[in-house]
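Position 211 (the sequence shown) corresponds to 316 in this note's numbering; numbering is contiguous.
Have a look at the structure below before the remarks.
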Amino acid sequence: MGSGSATGSIAAGKRRRAAPDRRAETIGDPAAPPRASHRVRRLRRWHLRNRCALSEDVAFANEGAPPTMTLPPGTVLRPILPRDDAALAAIARQVLAEFGSGLASDPEVDAMQRAYSRPRSAYFVVERDGRLGGGVGIAPLLGGEEGVCELRKFYLLPNVRGIGLGQALLDQCLLSARGFGFGQCYVEVLDRMSEAQRLLERNGFQLLQARMGYGELRGSNTWYLRSL
Numbered sequence: 106m107g108s109g110s111a112t113g114s115i116a117a118g119k120r121r122r123a124a125p126d127r128r129a130e131t132i133g134d135p136a137a138p139p140r141a142s143h144r145v146r147r148l149r150r151w152h153l154r155n156r157c158a159l160s161e162d163v164a165f166a167n168e169g170a171p172p173t174m175t176l177p178p179g180t181v182l183r184p185i186l187p188r189d190d191a192a193l194a195a196i197a198r199q200v201l202a203e204f205g206s207g208l209a210s211d212p213e214v215d216a217m218q219r220a221y222s223r224p225r226s227a228y229f230v231v232e233r234d235g236r237l238g239g240g241v242g243i244a245p246l247l248g249g250e251e252g253v254c255e256l257r258k259f260y261l262l263p264n265v266r267g268i269g270l271g272q273a274l275l276d277q278c279l280l281s282a283r284g285f286g287f288g289q290c291y292v293e294v295l296d297r298m299s300e301a302q303r304l305l306e307r308n309g310f311q312l313l314q315a316r317m318g319y320g321e322l323r324g325s326n327t328w329y330l331r332s333l
């Protein structure tokens, strides 16, 4: 028994001493998959906690800043689904009417899920107590450089403003934009949208003197850009 215990101890010691060599080989091996950073692991936990079922190749393709807060109880942030189209179109019309704007002839509004299924595009929505409260999307900037995306169709109903959902949606879109390989994010707003402007400026967007490309907001007169 004593001999067996000693042999076991010696073998265990060898295993313990061998472990650092294996770690060194992994670190030096370019083919070895990198370990997820602490920041990315935190972000994965955030998505699991808030039921945001995103594919890892989009949501975790980079180490951008994680969302700054957890969602309030009873709220969910998730990718858009086909069943959301009608409710989201109604929200878009209500919000734009609130700010004295309109949709003109924008076919995207009535088929948002299909529109944001295109390459390098995504749209996210928030629900509160099972009802859709708004959303925002990211897509390549039409007429812009390849590395520039546009934050598009950012609509939130009044009853879901002021509780952090706008920030959570913005965080998710910027994270996805980095994952798609964009280097800059452009957005158009109306000068009457003071809350939206404050949100953008808090998140590093810089005011521009002229518009870029062919932005999506009809009648916009305020333009922002930030690096990713």
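Heads up, the beta-carbon is just placed ideally off N, CA and C, and yes, glycines get one too.
| query | result |
| --- | --- |
| Helix, strand or coil for Y319? Go by DSSP, reduced to three states. | coil |
| For the ligand SAM, I want to know if F204 counts as a neighbour, meaning its beta carbon is within less than 8 Å of at least one of the ligand's heavy atoms. | Absent from the structure shown: the ligand SAM. Ligands present: none. |
| Flag this pair as touching only if the region 303–312 and the region 212–224 have three or more C-beta atom pairs under 8 Å; answer yes or no. | no |
| Run through DSSP, which three-state label would E306 get? | helix |
| Measuring alpha carbon to alpha carbon, tell me which residue in G267, L313, V292 is nearest E300. | G267 |
| Only counting the same chain, and skipping five residues up and downstream in sequence, which positions put a Cβ closer than 8 Å to that of N264? | R233, G238 |
| What did DSSP end up calling L274 once you bin it into helix, strand or coil? | helix |
| Identify the residues that DSSP records as bridge partners of R233: which are they? | T180, R236 |
| Looking at the strands, I want to know which residues DSSP matches up with G242. | Y228, R257 |
| What is the DSSP secondary structure of S281, reduced to helix, strand or coil? | helix |
| Residue range of the beta strand (DSSP E) that V214 falls in? | Where V214 is concerned, there is no enclosing beta strand (DSSP E), given that its DSSP letter is neither H nor E. |
| Buried or exposed: L270, going by 16 or more other Cβ atoms within 10 Å of its Cβ? | buried |
| For my contact list, G324 and L295 are in at a C-beta cut-off of 8 Å; report their separation, rounded to the angstrom. | 7 Å |
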